[in-house]
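With the numbering used here applied, the sequence shown has no gaps in its numbers, which climb one by one up to 311 at the end. Here a beta-carbon is modelled for each residue, glycine too, at the ideal position from N, C-alpha and C. It should be emphasised that the depicted structure is a prediction, and the values quoted were computed from it without experimental measurement.
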Amino acid sequence: MSTKRLTHVDSEGRSRMVDVSGKEATRRVARAEAFVEMSPATLKLLRANALPKGNPLETARIAGIQAAKKTSELIPLCHPLPLTHVDVEITVVRDGVRLESTASTKAETGVEMEALTAAAVAALTLYDMCKAVEKGITIGKVRLLEKSGGKSGHWVRKR
């Protein structure tokens, strides 16, 4: 059994924001991904930039970047971070679209939630932009791929 305790819960079980004031600001980077599965017919329209709402890929990219900057407003116990970079790379593949986000900062706490939020909101935006032609689009595999910086060091997901 693990001896680790939940950092966002106090000794009485109440939620709390962790005090990071004693931690050193270091460069921190996180990468996350989301996958949007859609039909071949919708992918054909997407590749041809022929969807009724305009260019869904660029709209999704901008939405992901914007969402990363708003993470602390969306997730109650997240610290507001001075992001130094956010990007969302979008790859159209055989059965859908892979969205990979990267977030970085120099701060006392990590940017995993910002990267995850960017990927998730980019995926939701892609759904919104494509739903006029397909309601059965599936969003899945929103997950952290890699993080570096801070006390816990470098971590990479084993596929």
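In whole angstroms, what separates the C-alpha of E298 from that of T178? Spanning the two alpha carbons is a distance of roughly 16 Å.
What residue from L198, T236, A212 and E252 has the CA that sits closest to K293's CA? Out of L198, T236, A212 and E252, E252 has the C-alpha closest to the C-alpha of K293.
Just verifying my parser: in three-state terms, what is the DSSP assignment at T194? DSSP places T194 in helix when its eight states are reduced to three.
Do M281 and A212 come within 8 Å of each other at the CB atom, strictly closer than that value? A212 places its beta carbon less than 8 Å from that of M281.
Check this for me: beta carbons of R168 and G262, under 8 Å apart or not? Their beta carbons are not under 8 Å apart, which means R168 does not touch G262 by this criterion.
Count the C-beta pairs between the segment 225-233 and the segment 241-251 that are closer than 8 Å, then say yes if the count reaches three, no if not. No, because fewer than three Cβ pairs between the segment 225-233 and the segment 241-251 fall closer than 8 Å, the two stretches do not touch.
Could you tell me which whole beta strand (DSSP E) segments of length 3 or greater appear in the segment 211-291? Segments of the beta strand (DSSP E) lying fully in the segment 211-291: 235-245 and 248-259.
For the beta strand (DSSP E) that contains A182, what are its first and last residues? Residues T178 to E189.
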